[in-house]
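In the numbering used here, the protein residues as written are 3 to 255.
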(Lines of atoms letter the chains of each structure in order from A and count residues from 1; the text may use other names and numbers.)
(Lines give C-alpha, C1' and ligand atoms only; values in the text may rest on other atoms or scores of the structure.)
Protein backbone atom coordinates (compact mmCIF):
# COMPACT_ATOMS: atom_id res chain seq x y z
CA UNK A 1 0.00 0.00 0.00
CA UNK A 2 1.00 3.66 -0.28
CA UNK A 3 0.02 3.87 3.37
CA UNK A 4 1.72 6.41 5.59
CA UNK A 5 1.64 3.96 8.49
CA UNK A 6 3.21 1.02 6.65
CA UNK A 7 6.70 2.04 5.62
CA UNK A 8 7.70 -1.56 4.83
CA UNK A 9 4.89 -1.95 2.29
CA UNK A 10 5.67 1.42 0.73
CA UNK A 11 9.24 0.20 0.29
CA UNK A 12 7.92 -2.84 -1.56
CA UNK A 13 5.89 -0.64 -3.90
CA UNK A 14 8.89 1.59 -4.56
CA UNK A 15 10.99 -1.50 -5.24
CA UNK A 16 8.39 -2.68 -7.72
CA UNK A 17 8.74 0.63 -9.50
CA UNK A 18 12.51 0.30 -9.78
CA UNK A 19 12.25 -3.36 -10.81
CA UNK A 20 9.84 -2.35 -13.56
CA UNK A 21 12.30 0.30 -14.69
CA UNK A 22 15.30 -2.02 -14.58
CA UNK A 23 13.51 -4.70 -16.54
CA UNK A 24 12.88 -2.47 -19.54
CA UNK A 25 15.15 -2.42 -22.51
CA UNK A 26 16.74 0.65 -24.00
CA UNK A 27 15.80 2.34 -27.22
CA UNK A 28 13.20 4.94 -28.02
CA UNK A 29 10.83 3.91 -25.24
CA UNK A 30 7.98 2.94 -27.56
CA UNK A 31 6.20 -0.39 -27.91
CA UNK A 32 5.39 -1.62 -31.39
CA UNK A 33 2.73 -3.89 -29.94
CA UNK A 34 1.05 -0.96 -28.28
CA UNK A 35 0.93 1.26 -31.34
CA UNK A 36 -0.20 -1.58 -33.58
CA UNK A 37 -3.60 -1.73 -31.88
CA UNK A 38 -5.27 1.66 -32.01
CA UNK A 39 -8.43 0.58 -30.21
CA UNK A 40 -8.72 1.00 -26.49
CA UNK A 41 -10.63 -0.74 -23.77
CA UNK A 42 -13.51 1.60 -22.85
CA UNK A 43 -13.37 3.10 -19.37
CA UNK A 44 -16.74 4.39 -18.17
CA UNK A 45 -17.20 7.59 -16.27
CA UNK A 46 -17.08 6.94 -12.54
CA UNK A 47 -19.30 9.32 -10.59
CA UNK A 48 -18.60 9.22 -6.90
CA UNK A 49 -20.89 8.92 -3.92
CA UNK A 50 -23.24 11.78 -3.16
CA UNK A 51 -21.25 14.13 -0.99
CA UNK A 52 -24.17 15.52 0.99
CA UNK A 53 -23.00 15.69 4.57
CA UNK A 54 -24.69 13.33 7.03
CA UNK A 55 -27.40 14.98 9.14
CA UNK A 56 -25.51 14.04 12.29
CA UNK A 57 -21.73 14.33 12.18
CA UNK A 58 -20.10 11.97 14.66
CA UNK A 59 -16.53 12.78 15.76
CA UNK A 60 -13.90 10.78 13.90
CA UNK A 61 -11.14 8.74 15.47
CA UNK A 62 -7.58 9.80 14.69
CA UNK A 63 -7.19 6.69 12.53
CA UNK A 64 -10.23 7.72 10.47
CA UNK A 65 -8.87 11.25 10.09
CA UNK A 66 -5.51 9.90 8.93
CA UNK A 67 -7.20 7.72 6.31
CA UNK A 68 -9.25 10.59 4.89
CA UNK A 69 -6.29 12.98 4.71
CA UNK A 70 -4.11 10.35 3.09
CA UNK A 71 -6.79 9.34 0.57
CA UNK A 72 -7.11 12.94 -0.62
CA UNK A 73 -3.44 12.98 -1.64
CA UNK A 74 -3.44 9.40 -2.92
CA UNK A 75 -6.20 10.28 -5.38
CA UNK A 76 -4.12 13.32 -6.38
CA UNK A 77 -1.17 11.02 -7.03
CA UNK A 78 -3.25 9.00 -9.49
CA UNK A 79 -4.54 12.12 -11.22
CA UNK A 80 -1.11 13.71 -11.52
CA UNK A 81 0.66 10.61 -12.81
CA UNK A 82 -2.01 9.91 -15.42
CA UNK A 83 -2.19 13.52 -16.59
CA UNK A 84 1.57 13.90 -16.85
CA UNK A 85 2.17 10.54 -18.55
CA UNK A 86 -0.63 11.30 -21.02
CA UNK A 87 1.04 14.61 -21.84
CA UNK A 88 4.43 12.92 -22.20
CA UNK A 89 3.25 10.16 -24.53
CA UNK A 90 1.10 12.54 -26.57
CA UNK A 91 4.27 14.51 -27.32
CA UNK A 92 6.28 11.35 -28.04
CA UNK A 93 3.83 9.29 -30.07
CA UNK A 94 0.59 11.15 -30.67
CA UNK A 95 -2.83 9.97 -29.58
CA UNK A 96 -1.92 6.35 -28.86
CA UNK A 97 -4.09 4.12 -26.62
CA UNK A 98 -2.22 4.91 -23.40
CA UNK A 99 -2.86 8.62 -23.97
CA UNK A 100 -6.56 8.07 -24.58
CA UNK A 101 -7.02 5.82 -21.55
CA UNK A 102 -5.10 8.02 -19.13
CA UNK A 103 -6.70 11.23 -20.38
CA UNK A 104 -10.15 9.74 -19.79
CA UNK A 105 -9.28 8.46 -16.32
CA UNK A 106 -7.79 11.82 -15.27
CA UNK A 107 -11.32 13.24 -15.26
CA UNK A 108 -12.50 10.47 -12.95
CA UNK A 109 -9.55 10.94 -10.61
CA UNK A 110 -10.36 14.64 -10.32
CA UNK A 111 -13.90 13.65 -9.41
CA UNK A 112 -12.50 11.26 -6.80
CA UNK A 113 -10.37 14.05 -5.36
CA UNK A 114 -13.42 16.30 -5.18
CA UNK A 115 -15.38 13.58 -3.41
CA UNK A 116 -12.74 13.20 -0.69
CA UNK A 117 -12.54 16.98 -0.40
CA UNK A 118 -16.26 16.94 0.31
CA UNK A 119 -15.63 14.54 3.19
CA UNK A 120 -12.96 16.87 4.56
CA UNK A 121 -15.41 19.76 4.44
CA UNK A 122 -18.17 17.76 6.15
CA UNK A 123 -15.90 16.99 9.08
CA UNK A 124 -14.11 20.35 9.15
CA UNK A 125 -10.73 18.80 8.38
CA UNK A 126 -7.80 20.70 6.81
CA UNK A 127 -7.15 19.96 3.15
CA UNK A 128 -3.64 18.47 2.67
CA UNK A 129 -3.72 19.49 -0.99
CA UNK A 130 -4.55 23.15 -0.43
CA UNK A 131 -1.87 25.26 -2.10
CA UNK A 132 -0.10 22.09 -3.25
CA UNK A 133 -2.45 21.71 -6.20
CA UNK A 134 0.32 21.77 -8.88
CA UNK A 135 1.11 18.38 -10.35
CA UNK A 136 3.67 16.28 -8.51
CA UNK A 137 3.59 18.34 -5.30
CA UNK A 138 2.54 16.57 -2.08
CA UNK A 139 2.71 17.23 1.64
CA UNK A 140 3.23 13.50 2.13
CA UNK A 141 6.84 12.99 1.10
CA UNK A 142 6.38 9.26 0.54
CA UNK A 143 3.80 10.06 -2.12
CA UNK A 144 6.12 12.70 -3.59
CA UNK A 145 8.86 10.08 -3.90
CA UNK A 146 6.44 7.60 -5.39
CA UNK A 147 5.27 10.15 -7.98
CA UNK A 148 8.85 10.52 -9.20
CA UNK A 149 9.40 6.76 -9.29
CA UNK A 150 6.20 6.04 -11.20
CA UNK A 151 6.80 8.84 -13.69
CA UNK A 152 10.30 7.54 -14.40
CA UNK A 153 8.99 4.04 -14.95
CA UNK A 154 6.03 5.19 -17.03
CA UNK A 155 8.24 7.12 -19.45
CA UNK A 156 10.31 4.07 -20.41
CA UNK A 157 7.62 2.62 -22.69
CA UNK A 158 3.93 2.80 -23.38
CA UNK A 159 3.34 -0.65 -21.92
CA UNK A 160 5.21 0.34 -18.76
CA UNK A 161 2.97 3.39 -18.49
CA UNK A 162 -0.05 1.09 -18.64
CA UNK A 163 1.51 -1.12 -15.96
CA UNK A 164 2.04 1.95 -13.79
CA UNK A 165 -1.66 2.67 -14.13
CA UNK A 166 -2.51 -0.89 -13.18
CA UNK A 167 -0.24 -0.72 -10.13
CA UNK A 168 -1.79 2.53 -8.93
CA UNK A 169 -5.29 1.08 -9.19
CA UNK A 170 -4.32 -2.15 -7.41
CA UNK A 171 -2.86 -0.13 -4.56
CA UNK A 172 -5.92 2.13 -4.43
CA UNK A 173 -8.17 -0.92 -4.12
CA UNK A 174 -6.11 -2.31 -1.25
CA UNK A 175 -5.88 1.04 0.54
CA UNK A 176 -9.59 1.74 0.16
CA UNK A 177 -10.44 -1.66 1.57
CA UNK A 178 -8.29 -0.83 4.58
CA UNK A 179 -10.00 2.55 4.91
CA UNK A 180 -13.41 0.85 4.97
CA UNK A 181 -12.22 -1.56 7.65
CA UNK A 182 -10.98 1.33 9.82
CA UNK A 183 -14.01 3.53 9.25
CA UNK A 184 -16.92 3.53 11.68
CA UNK A 185 -18.96 5.92 9.53
CA UNK A 186 -21.58 4.80 7.02
CA UNK A 187 -21.05 8.07 5.13
CA UNK A 188 -17.32 7.63 4.60
CA UNK A 189 -17.83 3.95 3.79
CA UNK A 190 -20.13 4.94 0.94
CA UNK A 191 -17.56 7.36 -0.46
CA UNK A 192 -14.74 4.82 -0.15
CA UNK A 193 -16.83 2.10 -1.79
CA UNK A 194 -17.60 4.37 -4.75
CA UNK A 195 -13.91 5.21 -5.15
CA UNK A 196 -13.00 1.52 -5.02
CA UNK A 197 -15.61 0.77 -7.67
CA UNK A 198 -13.98 3.39 -9.88
CA UNK A 199 -10.55 1.87 -9.25
CA UNK A 200 -11.80 -1.53 -10.38
CA UNK A 201 -13.09 0.02 -13.60
CA UNK A 202 -9.78 1.82 -14.15
CA UNK A 203 -7.85 -1.40 -13.56
CA UNK A 204 -10.00 -3.08 -16.20
CA UNK A 205 -9.09 -0.30 -18.62
CA UNK A 206 -5.32 -0.55 -18.11
CA UNK A 207 -5.30 -4.34 -17.93
CA UNK A 208 -7.57 -4.67 -20.94
CA UNK A 209 -5.15 -2.72 -23.12
CA UNK A 210 -2.17 -4.74 -21.86
CA UNK A 211 -4.05 -7.95 -22.62
CA UNK A 212 -4.52 -6.68 -26.18
CA UNK A 213 -0.83 -5.89 -26.62
CA UNK A 214 0.84 -8.53 -24.46
CA UNK A 215 -1.74 -11.28 -24.14
CA UNK A 216 -2.08 -11.06 -20.36
CA UNK A 217 -2.08 -8.84 -17.30
CA UNK A 218 0.02 -9.92 -14.33
CA UNK A 219 -1.05 -8.67 -10.91
CA UNK A 220 1.53 -6.36 -9.34
CA UNK A 221 0.32 -6.12 -5.73
CA UNK A 222 -3.05 -7.79 -5.22
CA UNK A 223 -3.36 -11.59 -5.43
CA UNK A 224 -3.62 -12.72 -9.04
CA UNK A 225 -6.93 -14.44 -8.26
CA UNK A 226 -8.36 -11.15 -6.99
CA UNK A 227 -7.29 -9.29 -10.11
CA UNK A 228 -8.56 -12.07 -12.38
CA UNK A 229 -11.95 -11.92 -10.67
CA UNK A 230 -12.12 -8.16 -11.27
CA UNK A 231 -11.15 -8.53 -14.92
CA UNK A 232 -13.69 -11.31 -15.44
CA UNK A 233 -16.57 -8.96 -14.62
CA UNK A 234 -18.01 -6.07 -16.61
CA UNK A 235 -17.44 -2.40 -15.86
CA UNK A 236 -19.57 -1.25 -12.94
CA UNK A 237 -21.83 1.72 -12.41
CA UNK A 238 -20.31 3.50 -9.42
CA UNK A 239 -21.57 6.09 -7.00
CA UNK A 240 -24.60 4.51 -5.38
CA UNK A 241 -25.07 3.42 -1.81
CA UNK A 242 -22.76 0.62 -0.87
CA UNK A 243 -23.30 -2.44 1.27
CA UNK A 244 -19.90 -1.65 2.78
CA UNK A 245 -21.53 0.81 5.11
CA UNK A 246 -24.92 -0.84 5.54
CA UNK A 247 -24.12 -2.08 9.04
CA UNK A 248 -22.77 1.24 10.28
CA UNK A 249 -25.07 4.04 11.30
CA UNK A 250 -23.87 7.44 12.50
CA UNK A 251 -20.54 6.10 13.68
CA UNK A 252 -21.84 2.98 15.41
CA UNK A 253 -21.20 -0.52 14.12
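All C-beta atoms, glycine included, are put in the ideal place defined by N, C-alpha and C.
With DSSP run on the structure shown, which of helix, strand or coil describes residue 127? Within the chain shown, the letter at position 125 stands for residue 127. The answer is coil: DSSP assigns residue 127 none of H, G, I, E or B.
Below 8 Å on the Cβ atoms is my guess for residue 168 versus residue 208; work out the distance and round it to an integer in Å. Your numbering for residue 168 matches position 166 in the chain shown. Your numbering for residue 208 matches position 206 in the chain shown. Contact holds; Cβ gap of about 4 Å.
Report all residues from its chain with a CB closer than 8 Å to the CB of residue 86; omit the five preceding and five following residues, and keep chain order. In the chain shown, residue 86 corresponds to position 84, counting from 1. If we look at residue 86 and ignore the five residues flanking it on each side, its Cβ neighbours are 137, 138, 153.
Should residue 110 and residue 200 be called a contact, given that it needs their Cβ atoms to be closer than 8 Å? In the chain shown, the residue the question calls residue 110 occupies position 108. In the chain shown, the residue the question calls residue 200 occupies position 198. A contact, by the Cβ cut-off of 8 Å.
What are the start and end residues of each continuous alpha helix (DSSP H) run of 4 or more residues lying completely inside the segment 93-165, in chain order? Runs of the alpha helix (DSSP H) inside the segment 93-165: 99-125, 143-156.
Taking 8 Å as the threshold (C-beta atoms), are residue 71 and residue 145 in contact? To locate residue 145, count along the chain shown from 1; it is residue 143. To locate residue 71, count along the chain shown from 1; it is residue 69. No.
Per-residue DSSP class, three states only, for residue 241: Translated into positions along the chain shown, residue 241 becomes position 239. Note: residue 241 maps to coil in three-state DSSP.
Over what stretch of residues does the alpha helix (DSSP H) that includes residue 201 continue unbroken? Here residue 201 is taken as the residue at index 199 of the chain shown, counted from 1. Start and end: 188-216.
Beta-carbon spacing of residue 101, residue 91 below 8 Å: For the purposes of this step, residue 101 is taken as residue 99 along the chain shown, with counting starting at 1. For the purposes of this step, residue 91 is taken as residue 89 along the chain shown, with counting starting at 1. Yes; because the gap between Cβ atoms is below 8 Å, this pair is in contact.
Contact under 8 Å by Cβ, residue 77 with residue 186: On the chain shown, position 75 is the one that residue 77 refers to. On the chain shown, position 184 is the one that residue 186 refers to. When the beta-carbon positions are compared, residue 77 and residue 186 stay at least 8 Å from each other.
Below 8 Å between beta carbons: does that hold for residue 198 and residue 175? Along the chain shown, read from residue 1 onward, the residue named residue 198 stands at position 196. Along the chain shown, read from residue 1 onward, the residue named residue 175 stands at position 173. In this structure, residue 175 lies closer than 8 Å to residue 198 by Cβ.
Inter-residue Cα distance where the pair is residue 238 and residue 69: Taking the first residue of the chain shown as 1, we reach residue 238 at position 236. Taking the first residue of the chain shown as 1, we reach residue 69 at position 67. Approximately 25 Å between the Cα atoms of the pair.
Does the beta-carbon of residue 191 have 16 or more other beta-carbons within 10 angstroms, so that it is buried, or is it exposed? Against the chain shown, residue 191 aligns to sequence position 189. Answer is buried; the Cβ neighbour count reaches 16.
If we ignore side chains and look at the alpha-carbon of each, how far apart do residue 289 and residue 61 end up? No answer is possible for residue 289: the residues shown for the chain start at 3 and end at 255.
C-alpha distance - residue 59 paired with residue 158, whole-angstrom precision: By 1-based counting over the chain shown, the position of residue 59 is 57. By 1-based counting over the chain shown, the position of residue 158 is 156. Rounded to the nearest angstrom, the gap between the Cα atoms of residue 59 and residue 158 is 47 Å.
Would you mind sorting residue 225 into buried or exposed? The rule is 16 or more other CB atoms within 10 Å of its CB. Looking up residue 225 in the chain shown gives position 223. So residue 225 ends up on the exposed side.
Could you tell me the alpha carbon to alpha carbon distance between residue 188 and residue 95, rounded to whole angstroms? For this step, residue 188 is matched to residue 186 along the chain shown. For this step, residue 95 is matched to residue 93 along the chain shown. Roughly 45 Å separates the two Cα atoms.
With a threshold of 6 Å on Cβ separation, who are the neighbours of residue 213 within its own chain once the five nearest residues in sequence on each side are excluded? As a first step, residue 213 is located in the chain shown; it is residue number 211 there, counting from the start. If we look at residue 213 and ignore the five residues flanking it on each side, its Cβ neighbours are 219.
How big is the Cα-Cα spacing for residue 155 and residue 184? If you number the chain shown from 1, residue 155 lands on position 153. If you number the chain shown from 1, residue 184 lands on position 182. Each residue's Cα considered, the two are about 32 Å apart.
Opening and closing residue of the alpha helix (DSSP H) in which residue 232 lies: Sequence index remark: in the chain shown, residue 232 carries index 230 (1-based). Note, residue 232: alpha helix (DSSP H), 226-233.
Look up residue 88 in the DSSP assignment and say whether it is helix, strand or coil. Looking up residue 88 in the chain shown gives position 86. DSSP places residue 88 in helix when its eight states are reduced to three.
For a test of the three-state rule: what should DSSP assign to residue 184, helix, strand or coil? Within the chain shown, the letter at position 182 stands for residue 184. In this structure, residue 184 counts as helix in the three-state DSSP scheme.
Do you know offhand how far residue 74's Cα is from residue 193's? As a position in the chain shown, residue 74 is number 72, starting the count at 1. As a position in the chain shown, residue 193 is number 191, starting the count at 1. Spanning the two alpha carbons is a distance of roughly 12 Å.
Mark residue 222 as exposed unless 16 or more other C-beta atoms lie within 10 angstroms of its C-beta, in which case mark it buried. Stepping through the chain shown from its first residue, residue 222 is reached at position 220. Per the 10 Å Cβ criterion, buried.
For residue 172 versus residue 148, is the C-beta distance shorter than 8 Å? Within the chain shown, residue 172 is the residue found at index 170, counting from 1. Within the chain shown, residue 148 is the residue found at index 146, counting from 1. In this structure, residue 148 does not lie closer than 8 Å to residue 172 by Cβ.
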